[in-house]
Structure formats: structure tokens, C-alpha cells
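Participant: Have a look at the structure that comes next, please.
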Amino acid sequence: MADPLVTLAARLQPAFDAVAGRTGVDPVVRPSDRADAQANGSLALAKELGRPPREVAEAVLAEALKIANLRATLEVAGPGFLNIVVHDDFLADEIAAVSSDERLGVRSATPTRRVVVDYSAPNVAKEMHVGHLRTTVIGDSLVRILEFVGHDVIRENHIGDWGTPFGMLIEHLLDLGETEAAEHLSLGDLDGFYKQARAKFDADDTFKERSRARVVMLQGGDAETLRLWKLLVGLSTKHFNAVYERLGVLLVDDDLMGESAYNELLPQVITRLDALGLLQQSDGADVVFPPGYTNRDGDPLPLIVQKGTGGFNYATSDLACVIDRIERLNADLLLYVVGAPQAQHLSMVFDVARMAGWLAEPAQAVHVAFGSVLGSDRKMLKSRSGEPLKFIDLLDEALVRAEASVAEKNPDLGVEDRLTIARQVGIGAVKYADLSTDRVRDYVFDWDRMLSFDGNTAPYLQYAHARICSIFRRAEIDRTSLRNREPSIVEPQERALALAVLGFDSAVADTLEKYSPHRLCTYLYDLATSFTSFYEHCPVLKADEATRLSRLVMCDVTARVMATGLGLLGIDAPEQM
RNA sequence: GCGCUCGUAGCUCAAUGGAUAGAGCAUUUGACUACGGAUCAAAAGGUUAGGGGUUCGAGUCCCUUCGAGCGCGCCA
27 MADPLVTLAA RLQPAFDAVA GRTGVDPVVR PSDRADAQAN GSLALAKELG RPPREVAEAV
87 LAEALKIANL RATLEVAGPG FLNIVVHDDF LADEIAAVSS DERLGVRSAT PTRRVVVDYS
147 APNVAKEMHV GHLRTTVIGD SLVRILEFVG HDVIRENHIG DWGTPFGMLI EHLLDLGETE
207 AAEHLSLGDL DGFYKQARAK FDADDTFKER SRARVVMLQG GDAETLRLWK LLVGLSTKHF
267 NAVYERLGVL LVDDDLMGES AYNELLPQVI TRLDALGLLQ QSDGADVVFP PGYTNRDGDP
327 LPLIVQKGTG GFNYATSDLA CVIDRIERLN ADLLLYVVGA PQAQHLSMVF DVARMAGWLA
387 EPAQAVHVAF GSVLGSDRKM LKSRSGEPLK FIDLLDEALV RAEASVAEKN PDLGVEDRLT
447 IARQVGIGAV KYADLSTDRV RDYVFDWDRM LSFDGNTAPY LQYAHARICS IFRRAEIDRT
507 SLRNREPSIV EPQERALALA VLGFDSAVAD TLEKYSPHRL CTYLYDLATS FTSFYEHCPV
567 LKADEATRLS RLVMCDVTAR VMATGLGLLG IDAPEQM
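Residue numbers for the first sequence follow the numbering used here, beginning at 27 and rising by one.
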């Protein structure tokens, strides 16, 4: 059981092999607008064999006719394509199989990998802002998809909880008094706290000295300093968790793996690099020169792993992460859901980790890069005052806007339902807007578009799902009784819907191949349009008993794929809206 | 200066090297005592920034020009 296109590619391969006189020919089966699918392999094969493409296609067709149980009709078309029309009873069998499957036809990954997904990464004592939106939403979706196909996934929230700013933050906390500072921070005004500390640091030399001394105490492990530091971290994580809860992501305290967690490893990074002979001195700092990078002057660009002052920096910390994730966690795939501007830094870190042998086949590190969120002026999204837009404010606005929209379109809902649905719709809209475009590109943040019930939006997909649920409320039938039943595929809209449903497996696979959730979004949108077309042309409840049952099967499996697919994006699928 | 990413309909976006580049919004035209019209059907809209090249075939790969964004030694 799988996507019929995948099945057919496998079934057709022997025919291509036979014509080629060798094994392993790719039939190049692709979706087609002329048929259910097309096999393009004959054209490449024609080149290889030095024969006319159509002749090769005819030969493949002749071989394919010998295949028992192909369950599709083939036709040579154009310069040598094989157009494929899947038989209706084959579609019906596959729908029955998918419908009785918990995983809706999505194949398990083989082999499974242990995957570390590094995402979100806010800073202690700083407010989460719109800059954390993409990493959090994209990372969370990838975690859900990887787990769904059976990988062993470890979430790592690499919070910024260490470094020189903590000296001034702790001193500021002492100045305010612990109780008052805790109150201040509990209100969620982390930025105000940080700014006050910063202002004092810049204006007051005595404070500056105290801050520096405090950093030394912190790094030296002074018990009282550590206690104050933990207080700051705890208050900040409370804020992070409030955002995560409202956003609906999987991250919890157990996923926290802050920079401080790698302190023990940092000196080892240096000694191990030194032992390998990779370490060099440059302007007083310890550095590694990975080949292929140059600076402004065209000279080799180093990765600094120990500053001239003896301190470590983020490169050291990132290398320690690689060691920890590979050697302690035994991960063989490291995903870094980090903004595109950090491409060079991460590339250098990965190169150095490879030079040191820490990152070796089959283990692999991937920078899952993403572009910026832009305002309508096509510049980085900011609040009206020009400050970074607070994450929590963004989510609040999503709720307010969604509630107004839901109230307008369904006035009969009770207050409680309305609030619940507004949350599902509003948060879903924000997430979907972020996930539905190719992640490497920047995208323009537009409330009206993302909350629209038309077009490629979360509300449209949720609405398609809610409509199906509405049918079941009227049908008065136990949905589980519809599982493992063969529908009859008659109308073109039924065929189109069946093909769309069966494409879920491939959509998930394509999404993971490039770590691009927008492929799953595109698929779900296509599924939703196929469904609304079916809904429009194929009456369900009014049909005769046999047709009614058949169509209810299609409705049930469509709704489950939609809800599951949205779930993989971290988006809820309400039953009514 | 060097490097990376991007450039597709008026707007916002799709398109694992495959046929005639697809959607949505907006525009125009149809379909309603409606299994939820929060919809559907259709029309119109393109020199894929420009120019070369590779290929049977290029929006996609390579070179180049232009434009935009972001990086380029001790912040993370």
C-alpha cells in the first residue's frame, strides 16, 4: 500500500530494464496533467540506446503489457512519454487499504535515524519576538513529521543562557532586590529589565566593574551567583513556556539544552582540536582555518574557537554541541533550524567538525535555513514603534482577529466554542502562513490574507475538514464502520479525490526529502480543492444507499488525511467552525 | 571587493531536468428556497529580470550582466 504512482514506478521498472538490457533504469514516473501520471524514462533511455524515443516508448509499452496485475492503462504520447491511467478498481482497493490504516498509507522510514532538531532558541532575559516565529514553527513541524514516519527525534531548545550579559543582569537583579526583580520579570517585561541593566552598564563605571566581576564569579561556579542565575533562567523559561503553550508547540522544559549545558565540553573542544593539529594562532586567538573561506582582503577566514582573552565563543559552543549530539546522544542526523544569515557560520562549524572527525558518515548535519518575515513595506517586520514585535503580542492579535472572524461567520456558536475555535483558527493561520511558502524565501506577513477563508490558507483547509464533519453529524453513522470498505470510483471528481488522498504518502516523503513543510501544505491545499469539487458534484447524503456509503468512505478518509496532515504542521482541525 | 540567497501573471505564491509554466487574491462572466454559498464553474492575465551555454528537452543546471536582501576575526 502506498501512492499508486510509487507502486506503478516499481511495477514498470522491469519493463524499462528489459528494453535497456540492464537493471536499475528509473521509469521517471511523475504526476501529469494529461493523465493520472506519466513515465518519462523512455527519453533518457533513447539517448542511451541511440534509438528514437517513441520507438523505445513503444518497446517499453510492449514489455509492460506482459506484466501481470499492472492495473493501469498505458499509452505512448508526445515525443515518447507513457501516459498512465490508473484503473478505478485499483484506486478503490488502495483507498480501502489507506482507510483501514492508522497511518493513512504513509510508509515508515527505513532505516530510522536518531535525529536532533535544534530549534526555537530564545535568549534568557530577553522577550521572545517575531524573529523566533519561523524557527519555532518550522522546527516543530519537522519534529512532528519525523516522528510520524518513525524516526527517533530529540528536540533541543538551545537557549542563550550564558555569556557576558549575565554579569550585568545579575547585578541589576541584586540592585532591584530579588522579590521586586521577580515581580518585574513575571509580568513578562523581560526587555525592560534587560534594557535597564544595559543602560546602567553603559552609564555607570562602578556597575560595569561589578558586572565583570560577577561574570567571573558565575564562570567560577560561585554558589550564590549560580542561584541568582538560575532564578533568571527560571523566570525566563516561564515566559517561553507561556508562548509555547499559546502557540501549541511540543517544546517543554525537558527539551531545554542551553549554552550553559556545554561548559564542561568547551575546554575539550580546544584540546581535541589541538591534539589533532588543527589549531592555529591568529591575532592572539586560537582558530581553525577550514579551506574555502576568505575575508574582505582575500585572506583565509578563520573560525575562532578561543578568543584572545581566553574566553570561548559561539563557535566553540556549536562545536561542543556537535560532539555532544554525536557522541553522547548517538544522533546520526543533526538539523539546525536557523535563519539563512547564519549559513556561513554553520557551514564553517560543520567543516571544522568534519576535519576533526566528529562529524563523519553516515552522520550528517543540515542547516534548515529560512528567510525573514517582512512587513507590508517589504522590510523586516517590526511593531509600530519600530521595536521588534513581541511574539506574545503577535499571538494575541491572531486570537482577537480570528475571534472576530469566527463570530461574524458563525454567530450561533457559544462563547466557549467561539474562543476555542478562534484559537485553533488564529494560531493555525499564523503557522500555515509561515509554513506554506518555500522556507528559504522571505515572506510578507499579512493578517487579512492568512485569515482569509479563500485561497491557500489554514482556515480554508480547516473549513474543508469541518464541512466533512458536518456531513457525519447529519449522516448518523459510526465513522469507524466505514474503514476498510471499498468505495466505487465513478465520477471524475471521485477519481481526482481518490488520487489526491493516495498522494499523502508521497507528500510526506517529499516534505522530508528537503525538510520543506510547504510541500505538505501544497498537498493539503490540493486535497482540499479536490474535496470541495467532489462535494459540489457528488451529493453524499442524498445519494442512493450504495453510493452514499461509498461517498461516506471517501469523506471519512479525506477528513482523516486532512486532520492528520494539519496535525503534522502543528495545526488543529476543529470539527465545526 | 569577495561570498551566500533570491528575482515567475497587477499582488501573494507553486512548479523532484519533461508536453501548452500552475494556484489564490484582485478583475470580468455564469450558477443559489444551499448534504455549511465560509462555495463552485469559466474567462482574461507570462519574452519565468536581460544575455549566452549544456541537454533530445531548461523557470530549474553552468557562465555573465542587472536588481534586491543578508553575511564577511574575537557578539550570539
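Positions of the beta carbon are idealized from the N, C-alpha and C atoms, including for glycine. The model shown is predicted, which means the values in this text are computed figures rather than measured ones.
On the DSSP letters alone, give me the boundaries of the alpha helix (DSSP H) that ASP422 sits inside.
Facilitator: Locating residue 422 in the first sequence gives position 396, counting from the first residue. For ASP422, the enclosing alpha helix (DSSP H) begins and ends at 417 to 435.
Participant: Hey, how far is the Cα of ASP59 from the Cα of ILE164?
Facilitator: Translated into the one-based positions of the first sequence, residue 59 becomes position 33. Translated into the one-based positions of the first sequence, residue 164 becomes position 138. Rounded to whole angstroms, ASP59 to ILE164 spans 31 angstroms at the Cα level.
Participant: So, for GLY106: in the same chain, excluding its five sequence neighbours on each side, which residues have a beta-carbon less than 7 angstroms away from its beta-carbon?
Facilitator: As a position in the first sequence, residue 106 is number 80, starting the count at 1. So the qualifying residues of the chain are SER68, LEU69, ALA72, PRO79, ARG80, VAL82 and ALA83.
Participant: Thinking C-beta only, is ASP144 closer than 8 angstroms to TYR362?
Facilitator: Your numbering for residue 362 matches position 336 in the first sequence. Your numbering for residue 144 matches position 118 in the first sequence. Yes, the pair counts as a contact, with Cβ atoms nearer than the cut-off.
Participant: Can you tell me the Cα-Cα spacing of GLN488 and PRO600, whole angstroms?
Facilitator: Within the first sequence, the letter at position 462 stands for residue 488. Within the first sequence, the letter at position 574 stands for residue 600. Each residue's alpha carbon lies about 7 angstroms from the other.
Participant: Enumerate in chain order the residues of its own chain whose CB-to-CB distance from ASP187 is below 7 angstroms, with the five nearest sequence positions on each side excluded.
Facilitator: Here residue 187 refers to the residue found at position 161 when the first sequence is read from its first residue. Result list for ASP187: VAL150, VAL259, GLY284, GLU285 and SER286, in chain order.
Participant: How many Å lie between LEU202 and SER134 at the Cα?
Facilitator: By one-based count along the first sequence, residue 202 stands at place 176. By one-based count along the first sequence, residue 134 stands at place 108. Between LEU202 and SER134, the C-alpha separation is close to 55 angstroms.
Participant: Nearest-angstrom Cα distance between LYS2 and TRP384?
Facilitator: With the chain covering only 27 through 603, there is no way to say anything about residue 2.
Participant: Among LEU299, ASP309 and VAL55, whose alpha-carbon lies nearest the alpha-carbon of LEU345?
Facilitator: Within the first sequence, the letter at position 319 stands for residue 345. With distances taken between Cα atoms, LEU345 lies closest to LEU299.
Participant: Can you check the stretch 500 to 588 for any alpha helix (DSSP H) of at least 4 residues that lies completely inside it and give the ranges in chain order?
Facilitator: 518 to 528, 530 to 539 and 543 to 563
Participant: Spatial neighbours of ARG170 within its chain, please: CB distance less than 8 angstroms, with the 5 preceding and 5 following residues excluded, ordered by chain position.
Facilitator: Here the question's residue 170 lines up with position 144 in the first sequence. Around ARG170: LEU276, GLY593, LEU594, LEU595 and GLY596.
Participant: Along the alpha helix (DSSP H) that carries ASP312, what are the first and last residues, could you check?
Facilitator: Residue numbering aside, residue 312 sits at position 286 when the first sequence is read from its first letter. First-last for ASP312: 311 to 314, but that is the beta strand (DSSP E), not the alpha helix (DSSP H).
Participant: Pull up the CB-CB distance for MET580 and PRO518, whole angstroms please, since I reckon it's below 8 angstroms.
Facilitator: Within the first sequence, numbered from 1, the residue matching residue 580 stands at position 554. Within the first sequence, numbered from 1, the residue matching residue 518 stands at position 492. Going by Cβ atoms, the distance from MET580 to PRO518 rounds to 13 angstroms, so no, they are not a contact pair.
Participant: Report buried or exposed for LEU91, applying the criterion of at least 16 other Cβ atoms within 10 angstroms of its Cβ.
Facilitator: The residue labelled residue 91 in the question sits at position 65 within the first sequence. Looking at its Cβ environment, which holds fewer than 16 other Cβ atoms inside 10 Å, LEU91 is exposed.
Participant: Using beta-carbon positions only, say whether VAL466 and ALA533 come within less than 8 angstroms of one another.
Facilitator: The residue given as residue 466 occupies position 440 in the first sequence. The residue given as residue 533 occupies position 507 in the first sequence. Going by C-beta atoms, VAL466 is not nearer than 8 angstroms to ALA533.
Participant: Identify whether LEU445 lies in helix, strand or coil by the three-state DSSP scheme.
Facilitator: Start at 1 with the first residue of the first sequence, and residue 445 comes out as number 419. Helix.
Participant: Might you give, ordered along the chain, the residues of its own chain that have their beta carbon closer than 6 angstroms to the beta carbon of LEU302, omitting 5 neighbours on each side?
Facilitator: Stepping through the first sequence from its first residue, residue 302 is reached at position 276. Around LEU302: ALA382.
Participant: Does the structure place the stretch 347 to 364 close enough to the stretch 325 to 336 that three or more beta carbon pairs sit under 8 angstroms?
Facilitator: The stretch 325 to 336 vs the stretch 347 to 364: no contact.
Participant: Assuming PHE557 and ALA490 make a contact with CB atoms under 8 angstroms, what is their CB distance in whole Å?
Facilitator: Residue mapping note: residue 557 aligns to position 531 of the first sequence, counting from 1. Residue mapping note: residue 490 aligns to position 464 of the first sequence, counting from 1. The Cβ separation is near 5 angstroms, so the contact holds.
Participant: Considering only residues of the same chain and omitting the five flanking positions on each side of GLY176, which have a CB-CB separation below 7 angstroms?
Facilitator: Along the first sequence, read from residue 1 onward, the residue named residue 176 stands at position 150. Answer for GLY176: SER134, ALA135 and THR138, listed in chain order.
Participant: By Cβ distance, which residues of its chain are closer than 7 angstroms to THR590, with the 5 residues on each side in sequence left out?
Facilitator: Looking up residue 590 in the first sequence gives position 564. Correct list, in chain order: LEU130.
Participant: Within a Cβ cutoff of 7 angstroms, which residues of the same chain sit near PHE625, ignoring the five residues on either side of it in sequence?
Facilitator: Lying outside 27 to 603, the shown extent of the chain, residue 625 is not represented and no answer is given.
Participant: Under DSSP, the beta strand (DSSP E) around GLU101 begins and ends at which residues?
Facilitator: Your numbering for residue 101 matches position 75 in the first sequence. Note, GLU101: beta strand (DSSP E), 98 to 103.
Participant: Look up GLU601 in the DSSP assignment and give the residues it is bridged to.
Facilitator: Here the question's residue 601 lines up with position 575 in the first sequence. For GLU601, which the question treats as bridged, DSSP gives no partner whatsoever.
Participant: If you follow the alpha helix (DSSP H) that VAL259 is part of, which residue opens it and which one closes it?
Facilitator: The residue labelled residue 259 in the question sits at position 233 within the first sequence. That run of the alpha helix (DSSP H) goes 249 to 273.
Participant: What does DSSP give as the partner residue(s) for ALA329 in the beta ladder?
Facilitator: The residue you call residue 329 lines up with position 303 of the first sequence. According to the sequence shown, residue 329 is Leu rather than Ala. In DSSP, LEU329 forms a bridge with VAL314.
Participant: Apart from the five residues just before and just after THR446, which ones in its own chain have a Cβ nearer than 8 angstroms to its Cβ?
Facilitator: As a working mapping, residue 446 is identified with position 420 in the first sequence. Closer than 8 angstroms at Cβ, skipping near neighbours: PRO600.
Participant: Relative to the ligand GDP, is the shortest distance from any of its heavy atoms to the C-beta of VAL527 smaller than 7 angstroms?
Facilitator: Looking at this structure, you won't find the ligand GDP or any other ligand, since it has none at all.
Participant: Does DSSP put THR320 in a helix, in a strand, or in coil?
Facilitator: In the first sequence, residue 320 corresponds to position 294, counting from 1. In the three-state DSSP reduction, THR320 falls in the strand class (E or B).
Participant: Output the boundary residues of the alpha helix (DSSP H) element that contains ASP115.
Facilitator: Taking the first sequence and counting its residues from 1, one reaches residue 115 at position 89. For ASP115, the enclosing alpha helix (DSSP H) stretches over residues 114 to 125.
Participant: Across which residues does DSSP place HIS155 in a beta bridge pair?
Facilitator: As a first step, residue 155 must be located in the first sequence, where it is residue number 129. Per DSSP, LYS416.
Participant: Tell me the residue span of the beta strand (DSSP E) that contains ASP144.
Facilitator: Sequence index remark: in the first sequence, residue 144 carries index 118 (1-based). From DSSP, the beta strand (DSSP E) with ASP144 extends over 140 to 144.
Participant: Less than 6 angstroms between C-beta atoms, sequence neighbours within five positions excluded: which residues of the same chain meet that for MET194?
Facilitator: As a working mapping, residue 194 is identified with position 168 in the first sequence. Excluding positions up to five away in sequence, the list reads ALA223, PHE227 and SER237.
Participant: Give me the DSSP bridge partner(s) of ILE180.
Facilitator: By 1-based counting over the first sequence, the position of residue 180 is 154. Its beta-bridge partners are VAL142.
Participant: Excluding the five sequence neighbours on either side, which residues of its own chain have a C-beta within less than 7 angstroms of the C-beta of HIS158, listed in chain order?
Facilitator: Here residue 158 is taken as the residue at index 132 of the first sequence, counted from 1. Cβ within range, chain order: SER146, PRO148 and PHE417.
Participant: Could you pull the start and end residues of the alpha helix (DSSP H) that VAL82 belongs to?
Facilitator: Here residue 82 refers to the residue found at position 56 of the first sequence. Start and end: 79 to 90.
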